[in-house]
């Protein structure tokens, strides 16, 4: 699994803190749509789109597009060559049994311990076999301010499917492990895209797609419009109500 770094070399100043976005994909070899989304992200980031240029100017993107290459080669659906579900072994990956996972984890820990590097964002891209649209799974923080800042995905993607949890069965996943390892200023998500289709807004029509999955990665989220003074938002799987400040720019539509 080769690491693909994306950045603008001219803007790398010696001694300046590097803000890093780390993206991984295809930890489950059968989840092919995740590769299309990852390709869309890469195509967008290296494009001349104004937003892409700003992102390259201020951030370093590190992308491991395929965490389970042996499983992909063998045609496995979920496991590696050794028969492991790699997305349950982030807590203690073996350099022998889970080499790609071990290598990526060591790199992330190295960046975390480097005072000149700030890991701002982590996304693990997956595909879902039964649910529609694109959506995210996020972590739950103890303090309301940190948790509120993670809610942008609730507005950008499918609101009926995006959820925030700390399910015990997910403890060994990348999103859960890194959410516990990194401090509260680093945000970790699982991005899921449907195997089959998306639903047209305001209708029940399902639109199948193939390579159009790239659009989810290559088309940037719409910029938020000014919102009201606050928004009362009931987070899935949480009984608490959060007040979104006006400066967040979020607006429920």
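In UniProt numbering, the protein residues as written are 1 to 253. Heads up, the beta-carbon is just placed ideally off N, CA and C, and yes, glycines get one too.
Per-residue DSSP class, three states only, for residue i
i           : result
residue 73  : helix
residue 48  : coil
residue 132 : coil
residue 30  : coil
residue 112 : helix
residue 56  : helix
residue 102 : helix
residue 35  : helix
residue 43  : helix
residue 107 : helix
residue 78  : coil
residue 91  : coil
residue 181 : helix
Beta-ladder partner(s) of residue i, from DSSP
i           : result
residue 124 : 24 and 190
residue 118 : 19
residue 83  : Answer is none; residue 83 lacks a bridge partner.
residue 174 : None; residue 174 has no bridge partner.
residue 196 : Its beta-bridge partners do not exist; DSSP assigns none.
Beta carbon of residue i nearer than 7 Å to that of residue j
i           : j           : result
residue 98  : residue 81  : no
residue 30  : residue 77  : yes
residue 67  : residue 27  : yes
residue 174 : residue 124 : yes
residue 25  : residue 65  : yes
residue 59  : residue 21  : yes
residue 95  : residue 102 : yes
residue 79  : residue 122 : no
residue 126 : residue 34  : yes
Nearest to residue i (by Cα), restricted to the options the options
i           : options              : result
residue 56  : 69, 137 and 42       : 42
residue 135 : 190, 32 and 64       : 190
residue 23  : 102, 38, 106 and 127 : 38
residue 131 : 46, 50, 59 and 192   : 192
residue 19  : 111, 79 and 188      : 111
residue 61  : 195, 137 and 117     : 117
residue 109 : 47, 129 and 178      : 178
residue 120 : 32, 40 and 181       : 181
residue 75  : 194, 133, 196 and 32 : 32
residue 196 : 48, 133 and 137      : 133
Contact with chain C by residue i, beta-carbon distance below 7 Å
i           : result
residue 114 : As a matter of chain content, chain C is missing from the structure shown, which is built from one protein chain.
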